[in-house]
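Quick notes on the structure that follows.
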Amino acid sequence: MDGLRLMTAPLVPEVRLFLAEDPTILWARLEAGAGKRLPPPYWASAWMGGQAVARYVLDHPELVADRKVLDLASGSGMVAIAAALAGAATVVANDVDAYAAVAIRANAHANGVRVVPLVEDLLDGRHDGARQADVVLVGDALYNDGLAGRLLPFLTVLARGGARVVVGDPDRGWVPRASWDTLATYALPSAGPGEDAQRTETSVLIPRGQR
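Position one of the sequence shown corresponds to residue 1437 (our numbering), numbered consecutively onward.
Below you can see the structure in the form of structure tokens.
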């Protein structure tokens, strides 16, 4: 697609992704082509929280090896691809944006791995796919109050049901740190996209009490 280039993210050089050279211009082109308003192309950027989770998964493949993995709010599929590279038995990459599903397929193909895109809002509880996962990864979805208010209780339920839940967060302020433990923190060697340009660290979190 015009405006996308195959490249790597600073923390995850093992994963190649089709990313936007300028997400704002790409967004305008997509809307012009569709003839309607579209959600921002979050799938065209390698967000900092996602980089953290992907890095952690690649460095700790035992987290996902031979397990059923669900990547929530997958975007580009970076975290899902990392899980596949680390030896996951199956990987489902979930997002509500149909354009993200196209990006996930293209990026998985570029990395020679199998990832199954799923375009569905799993947070409404009508789909059993989340509860069937052994490991639930969330790269960078806690970026506003509304989404955090839906996602955090959902992840708590999954963790209590036995799933291993791992979340990326560059300290956007929506994660109640009293309820979450930090597994790892990474310094970014270069600025992140968009509003993340001033952030220099990103962390990997798990629900407090989860082993």
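For every residue, glycine included, the Cβ atom is placed at its ideal position computed from N, Cα and C.
Going by C-alpha positions, Gln1646 is about 19 angstroms away from Ala1490. In summary, Asp1557 is exposed, with fewer than 16 beta-carbon neighbours lying within 10 Å of its beta-carbon over all protein chains present. CA-to-CA, the gap between Ala1569 and Val1505 works out to about 5 angstroms. In this model, Glu1450 and Leu1588 are separated by some 29 angstroms (Cα to Cα). Contact check for Arg1635 against Leu1619 fails: the beta carbons are separated by 9 angstroms or more.
Assignment of Trp1610 by DSSP, reduced to helix, strand and coil, places it in the coil class.
With distances taken between CA atoms, Gly1485 lies nearest to Thr1621 out of Val1593, Pro1643, Thr1621. Residue pairing of Lys1504 in beta bridges, as defined by DSSP: Thr1526. Closest in C-alpha terms to Trp1463, from the list Thr1444, Val1538, Gly1439, comes Gly1439. Scanning its chain for C-beta atoms nearer than 6 angstroms, with the 5 sequence neighbours on each side dropped, one finds around Met1443 the residues Leu1455, in chain order. Rounded to the nearest whole angstrom, the C-alpha separation of Asp1617 and Arg1644 is 5 angstroms. Counted as a single uninterrupted DSSP element, the alpha helix (DSSP H) harbouring Val1538 occupies residues 1534 to 1546. When only Cα atoms are considered, Val1552 and Arg1441 end up about 22 angstroms apart. Taking a C-beta distance under 9 angstroms as the contact criterion, Gly1523 and Trp1479 do not qualify as a contact pair. Counting the other Cβ atoms within 10 Å of the Cβ of Ala1470 gives fewer than 16, which makes it exposed. When rounded, the separation of the alpha-carbon atoms in Leu1578 and Ala1518 is 20 angstroms. Using a 10 angstroms sphere on the CB of Pro1477, the tally of other CB atoms reaches 16 or more, which defines it as buried.
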